[in-house]
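Right, one structure below, let's go through it.
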Amino acid sequence: MNTAKEQLPEEKPASNLGNKDEHREFATTLEQYLDSVDESVFEENEKKTEKNIETKDLLYYVKTVCPLCGKKFESPKVRSKYLRMIHMDNDYCKYYEPINPLYYEMMVCSHCGFAYNEEIKNTHLSDVQRKIIKSRLQKVLLDRSLTDYGGVRNLDQAVETFLLSLLSMQGNQGLNSIKGMLYLKIAWLYRYKKNEAKESYYIEKALLSLMSAYKNEVFQEAQKEINITYLIAVLYFRTGKYPEAARWLERILRRQNKSVQPAVAKQARELWAEVRQILRKTK
Numbered sequence: 002m003n004t005a006k007e008q009l010p011e012e013k014p015a016s017n018l019g020n021k022d023e024h025r026e027f028a029t030t031l032e033q034y035l036d037s038v039d040e041s042v043f044e045e046n047e048k049k050t051e052k053n054i055e056t057k058d059l060l061y062y063v064k065t066v067c068p069l070c071g072k073k074f075e076s077p078k079v080r081s082k083y084l085r086m087i088h089m090d091n092d093y094c095k096y097y098e099p100i101n102p103l104y105y106e107m108m109v110c111s112h113c114g115f116a117y118n119e120e121i122k123n124t125h126l127s128d129v130q131r132k133i134i135k136s137r138l139q140k141v142l143l144d145r146s147l148t149d150y151g152g153v154r155n156l157d158q159a160v161e162t163f164l165l166s167l168l169s170m171q172g173n174q175g176l177n178s179i180k181g182m183l184y185l186k187i188a189w190l191y192r193y194k195k196n197e198a199k200e201s202y203y204i205e206k207a208l209l210s211l212m213s214a215y216k217n218e219v220f221q222e223a224q225k226e227i228n229i230t231y232l233i234a235v236l237y238f239r240t241g242k243y244p245e246a247a248r249w250l251e252r253i254l255r256r257q258n259k260s261v262q263p264a265v266a267k268q269a270r271e272l273w274a275e276v277r278q279i280l281r282k283t284k
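Residues 2 to 284 (my numbering) make up the sequence shown, in order.
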């Protein structure tokens with residue numbers, strides 16, 4: 002029996018470790034490949050997935066009771082996971098992909114045609130107001146059937162839902178802040194359509210309603226008053242009335258307190274700088 006210790010073979014470096022140059026070359030190759038994947042493959046797959054999803058699959062349906070006629074119906078809303086804002090104008094007009102929730106803001110009763118959002122839903126309507134609204138809706142729908150707004154909506158149908166809502170709100174002076182926002186959102190919809198004439202018309206209507214709201218309504222929250230002040234300034238700016246825009250912006254900039262949200266204060270300062278530059282050029 003051989004008692005001599007068996008000699009183990011000397012370990013050698015693994016052949017796949019290579020030299021330092023090979024390490025660097027491989028790392029470079031990996032980095033280049035990762036860059037190409039990040040910039041193309043994942044984005045392309047996401048776009049393909051979005052394209053394969055039909056608009057109806059981006060929606061869900063809420064059960065609600067019409068505050069005017071008391072009947073039940075379902076209204077479409079956009080699933081939150083599909084909401085992706087890509088841009089916002091200075092008057093808060095937002096642009097989304099692949100679907101715009103503004104198209105589905107209004108709930109339209111499939112029985113009587115009353116159109117409302119959450120703010121209008123929570124607004125008290127007197128018996129007299131209810132009778133007037135019902136009469137208006139009956140007249141406008143007398144010679145035509147009510148469009149089905151309970152599914153996918155196009156841009157024209159979105160405009161119709163807001164106009165139906167305005168039809169109900171007309172004449173109610175206590176709701177000028179609500180009407181002002183309805184007018185403004187219709188202006189946004191026409192902006193999407195690139196219809197400048199209609200957009201300008203509804204911006205003017207929004208401005209008049211918001212001015213009336215500022216003068217006559219009592220705001221329970223200071224921030225709502227500030228938001229309306231800012232919107233009045235922006236709408237003056239968009240209509241080319243720069244001195245008026247400057248005066249309304251000053252109302253915000255003078256208020257150095259917690260009631261002014263930092264985001265609104267920042268927007269006001271940026272717009273003020275732009276307005277001041279324009280006014281200097283026109284002198």
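All C-beta atoms in this analysis are idealised placements derived from N, C-alpha and C, irrespective of residue type, glycine included.
Inter-residue Cα distance where the pair is Leu250 and Tyr203: Position 249 of the sequence shown, counted from the start, is the residue given in the question as residue 250. Position 202 of the sequence shown, counted from the start, is the residue given in the question as residue 203. Each residue's alpha carbon lies about 21 angstroms from the other.
Exposure label - Asn217; buried when at least 16 CB within 10 Å: Locating residue 217 in the sequence shown gives position 216, where the first residue counts as 1. Asn217 is exposed by the Cβ-count criterion.
Can you list, in chain order, the residues of its chain whose CB lies under 8 angstroms from that of Val276, leaving out five sequence neighbours each side? In the sequence shown, residue 276 corresponds to position 275, counting from 1. Excluding residues within five positions, the ones whose Cβ falls inside 8 angstroms are Phe238, Tyr243, Ala246, Ala247, Leu250.
Does DSSP put Ser210 in a helix, in a strand, or in coil? In the sequence shown, the residue the question calls residue 210 occupies position 209. In the structure shown, Ser210 sits in a helix (DSSP, three-state: H, G or I).
Find out if the Cβ-Cβ distance for the pair Leu190, Leu165 is shorter than 8 angstroms. Looking up residue 190 in the sequence shown gives position 189. Looking up residue 165 in the sequence shown gives position 164. No, the Cβ-Cβ distance between Leu190 and Leu165 is not below 8 angstroms.
From the DSSP secondary-structure annotation, give me the bridge partner or partners of Tyr117. For the purposes of this step, residue 117 is taken as residue 116 along the sequence shown, with counting starting at 1. Per DSSP, Met108.
What are the boundary residues of the alpha helix (DSSP H) that Lys78 is part of? What you label residue 78 is simply residue 77 of the sequence shown in a count that begins at 1. Segment 73-79 is the beta strand (DSSP E) holding Lys78; no alpha helix (DSSP H) there.
How about Asn177 and Ser210: are their beta carbons less than 8 angstroms apart? Here residue 177 refers to the residue found at position 176 when the sequence shown is read from its first residue. Here residue 210 refers to the residue found at position 209 when the sequence shown is read from its first residue. Closer than 8 angstroms, so yes.
Own chain residues within Cβ distance below 7 angstroms of Ala214, not counting five before or after: Numbered from its first residue, the sequence shown carries residue 214 at position 213. Answer for Ala214: Asn177, Ser178, Gly181, Ile229, listed in chain order.
By Cβ distance below 6 angstroms, which residues in the same chain neighbour Pro68 in space, the five residues on each side in sequence not counted? Against the sequence shown, residue 68 aligns to sequence position 67. Within the same chain, Pro68 has close Cβ partners Lys122.
Sequence-distant residues of the same chain with beta carbon closer than 7 angstroms to Ala159, five excluded per side: For the purposes of this step, residue 159 is taken as the residue at position 158 of the sequence shown. If we look at Ala159 and ignore the five residues flanking it on each side, its Cβ neighbours are Leu103, Tyr104, Leu190.
What residues are listed by DSSP as bridge partners for Thr65? In the sequence shown, counting from the first residue as 1, residue 65 sits at position 64. Partner(s): Phe74.
Along the chain, where does the beta strand (DSSP E) that runs through Ile279 open and close? Residue 279 sits at position 278 when you count from the first residue of the sequence shown. No beta strand (DSSP E) contains Ile279, which is instead part of the alpha helix (DSSP H) from 263-283.
Drop a sphere of 10 angstroms on the beta-carbon of Tyr150, count the other beta-carbons inside from all chains shown, and report buried for 16 or more, exposed for fewer. Counting from 1 along the sequence shown, the entry for residue 150 is found at position 149. It counts as buried.
Going along the chain, which residues of its own chain have a beta-carbon closer than 6 angstroms to the beta-carbon of Arg154, five neighbours each way excluded? Taking the first residue of the sequence shown as 1, we reach residue 154 at position 153. Closer than 6 angstroms at the Cβ level, and outside the excluded window around Arg154, lie Tyr104.
Of the residues Ala116, Ile253, Ile133, which one's Cα is nearest the Cα of Val66? Position 65 of the sequence shown, counted from the start, is the residue given in the question as residue 66. The candidate whose alpha carbon is nearest that of Val66 is Ala116.
Candidates Gln268, His112, Tyr83, Cys94: which alpha carbon is nearest Tyr61's? Here residue 61 is taken as the residue at index 60 of the sequence shown, counted from 1. Taking only the C-alpha atoms, the option nearest Tyr61 is Tyr83.
Can you check DSSP and say which residues form a bridge with Tyr97? For the purposes of this step, residue 97 is taken as the residue at position 96 of the sequence shown. Paired residue(s): Met86.
Can you give me the start and stop residues for the alpha helix (DSSP H) that Thr162 sits inside? Counted from its first residue, the sequence shown places residue 162 at position 161. Element bounds for Thr162: 156-170.
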